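Right under this line is the structure:
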């Protein structure tokens with residue numbers, strides 16, 4: 013009997029921990045108040061000296077509403093925090109990047125709807141993250157060929 017007094021609360025606590033959504037995520041995959049995890053508690057570490065990953069920004073730019081978790085996983089990898097085991101509809105990432113030679117970090121949050129399709133995306137600080145790809149400048153080069161003037165031959169008579 014004493015064992016059940018401890019076991020049941022422990023199981024309940026583990027079950028709640030397994031449903032790891034920090035933000036209150038609606039069934040449509042939105043929130044009015046995104047809650048951010050502590051960047052120092054990322055589970056994605058390199059020997060303890062650096063947290064998060066250095067993403068391929070072209071991959072990050074491809075993420076859009078309607079993608080499923082597998083598609084996002086293929087583009088940017090697993091989430092960087094302990095998201096939980098069951099009913100997870102929130103993924104958080106910590107990205108490293110350089111701006112004007114300075115090392116910076118940026119958090120990225122993805123919220124999923126009840127069907128586990130991505131619907132909402134947030135950045136902290138706001139405005140960080142991949143910049144829009146610079147449009148490729150196509151320069152039109154006009155090559156003019158200068159043809160020699162026709163040679164007029166004079167015939168002496």
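Numbering (this note's numbering), first residue to last: 13 to 169.
Even glycine gets a Cβ: it sits at the ideal position worked out from N, Cα and C.
As the structure is a prediction and not an experimental result, all values here were calculated from the model.
Quiz item: Terminal residues of the continuous beta strand (DSSP E) containing residue 110?
Solution: By 1-based counting over the chain shown, the position of residue 110 is 98. 102 to 111 is the span of the beta strand (DSSP E), which, as asked, contains residue 110.
Quiz item: residue 98: buried (16+ other C-beta within 10 angstroms of its C-beta) or exposed?
Solution: Residue mapping note: residue 98 aligns to position 86 of the chain shown, counting from 1. Exposed.
Practice problem: Can you give me the Cβ contacts of residue 171 inside the same chain, cut-off strictly under 6 Å, excluding the 5 residues immediately before and after it? | Solution: Shown here, the chain extends from 13 to 169; a query on residue 171 therefore has no answer.
Quiz item: Are residue 102 and residue 95 closer than 8 Å when you measure CB to CB?
Solution: The count along the chain shown starts at 1 and reaches residue 102 at position 90. The count along the chain shown starts at 1 and reaches residue 95 at position 83. Going by C-beta atoms, residue 102 is nearer than 8 Å to residue 95.
Quiz item: Where does residue 62 fall in DSSP's three states?
Solution: On the chain shown, residue 62 is found 50 positions in, with the first residue counted as 1. In this structure, DSSP gives residue 62 an extended state, which the three-state scheme calls strand.
Quiz item: Are the beta-carbon atoms of residue 134 and residue 121 separated by less than 8 Å?
Solution: For the purposes of this step, residue 134 is identified with residue 122 of the chain shown, where counting begins at 1. For the purposes of this step, residue 121 is identified with residue 109 of the chain shown, where counting begins at 1. Less than 8 Å separates the beta-carbon of residue 134 from that of residue 121.
Quiz item: Between residue 107 and residue 152, what straight-line distance do the alpha-carbon atoms span, to the nearest angstrom?
Solution: As a first step, residue 107 must be located in the chain shown, where it is residue number 95. As a first step, residue 152 must be located in the chain shown, where it is residue number 140. Roughly 38 Å separates the two Cα atoms.
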